[in-house]
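See below for the structure under consideration.
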């Protein structure tokens, strides 16, 4: 694994850590409208990354024509959806603006609210780690459809949206655990990204034809998170258009990064 690849899969984790570090400087709570805009922004980045960095490259790598060209993308996409659906039902977690936890009931009763909040963000970060790993795996395999600039564009885009995500998850922890523990909770919620990225790279290097499926798998997992959790959180209550504007900004920024650098 080259130095560039290691740096690439660590960038999103650094974004989460930087966001978590904001608890040392912010005194009060984040305004609900700002939080809504940030969640919408993260949604836009993830949707754009799913299309330009994952689904389109997955289809471009298939040499077949006609309906056969989209089979790996469709299959991988649905595997990603079903994988996140399974994790959503198994991992106990709590969404930001919800009082009712989800996941295994037996585990929910034993975990603190702050722990389940962190697990919710950790769940979001799993597909992001897989997506970075899949793109850098294509780079290591000398795939002509993947460039170093394009792979870093994806990592940077995910890192940008991870900054507010790390900040948002650390704030409620701060009131119960203090600033240092809040930072550590937020930082470690992103550790699954380099781990997931590394595992994906190792898997793709062993089974070369699986790369298109892995790219689409990551896209499906990210879309599940966006539609199931982020968009509802960004649009609930009054002024739902704030989340929509945030989504649009995130989508356009990721599109520009991917097209300009890719």
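In the numbering used here, the protein residues as written are 1 to 262. Where a beta carbon is used, it is the ideal one built from N, C-alpha and C, also for glycine.
Distance CB(residue i)-CB(residue j) smaller than 8 Å
i           : j           : result
residue 186 : residue 169 : yes
residue 36  : residue 248 : no
residue 189 : residue 121 : yes
residue 57  : residue 215 : yes
residue 87  : residue 123 : yes
residue 52  : residue 242 : no
residue 157 : residue 49  : yes
residue 218 : residue 127 : yes
residue 77  : residue 220 : yes
residue 228 : residue 125 : no
Rounded separation between residue i and residue j - CA only
i           : j           : result
residue 252 : residue 39  : 15 Å
residue 309 : residue 202 : As displayed, the chain neither begins before 1 nor continues past 262, which places residue 309 out of reach and without an answer.
residue 64  : residue 213 : 14 Å
residue 266 : residue 136 : Residue 266 lies beyond the range of the chain shown here (1 to 262); nothing can be said about it.
residue 159 : residue 261 : 16 Å
residue 85  : residue 246 : 25 Å
Same chain, Cβ closer than 6 Å to residue i, five either side skipped, listed in chain order
i           : result
residue 197 : 9, 129, 132 and 133
residue 46  : 222 and 226
Where the alpha helix (DSSP H) through residue i begins and ends
i           : result
residue 78  : 71 to 90
residue 181 : 179 to 188
residue 221 : 211 to 225
residue 56  : 56 to 60
residue 255 : 241 to 261
Residues of its chain near residue i, where Cβ-Cβ distance is below 7 Å and the 5 sequence neighbours each way are ignored
i           : result
residue 21  : 183
residue 151 : 8, 135, 136 and 139
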